[in-house]
Structures are given as C-alpha cells and as structure tokens.
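What follows is a set of notes on a single structure, which appears directly below.
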Amino acid sequence: MPETKLETMTAEIDCSVNAMYIVKDGVVKMIPPLSSGYGEQHAVWQNGKIDRVVNKEIIKV
C-alpha cells in the first residue's frame with residue numbers, strides 16, 4: 001500500500017461577511033448570499049466532490 005502524505009493548508013475568511021464557503025481540491029470559493037436575502041442554496045455532490053450549488057431565490061412582496 002502506498003504511503004499517504006497529509007498536507008495541512010490554512011485559509012483565512014472574513015467572518016463578518018454572510019456567505020457560504022466551499023473547499024474543492026484545496027481551493028476555497030465563496031458563494032455569496034442570494035440578492036433578495038431569502039431562499040435556499042444547496043450544494044450538489046458528485047463523485048465525492050461538490051459539483052455545483054443550486055440557488056432557489058424567494059422574493060418577498
């Protein structure tokens with residue numbers, strides 16, 4: 001069995017910003033909140049990785 005080397009990476013995020021953060025292949029990506037402020041954001045996984053984020057926005061009237 002091959003030897004596995006674990007590498008630790010650190011990223012800083014601004015905790016004052018409301019957002020969803022995704023780490024994929026060692027890269028951090030910020031997903032901003034919905035423009036209306038209402039709705040749902042779902043992460044869709046495929047083959048053990050996040051493939052896409054589905055937004056469902058609700059507009060209050």
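Residue numbers for the sequence shown follow the numbering used here, beginning at 1 and rising by one.
Idealized CB from N, CA, C, for every residue including glycine.
Thinking C-alpha only, which one of the options is nearest residue i?
| i | options | result |
| --- | --- | --- |
| G26 | I59, K56 and K49 | K49 |
| T10 | V44, V28, S16 and S35 | V28 |
| L34 | A19, D14 and R52 | A19 |
Do residue i and residue j have their CB atoms nearer than 8 Å?
| i | j | result |
| --- | --- | --- |
| Q41 | N55 | yes |
| I58 | Y38 | yes |
| D51 | V44 | yes |
Return the bridge partner residues of residue i from the DSSP annotation.
| i | result |
| --- | --- |
| Y21 | M30 |
Hey, could you find the ends of the beta strand (DSSP E) residue i is sitting in?
| i | result |
| --- | --- |
| K49 | K49 to E57 |
| A43 | G39 to Q46 |
My understanding is that residue i touches residue j, with C-beta atoms under 8 Å, so please give their C-beta distance in whole angstroms.
| i | j | result |
| --- | --- | --- |
| I31 | V53 | 5 Å |
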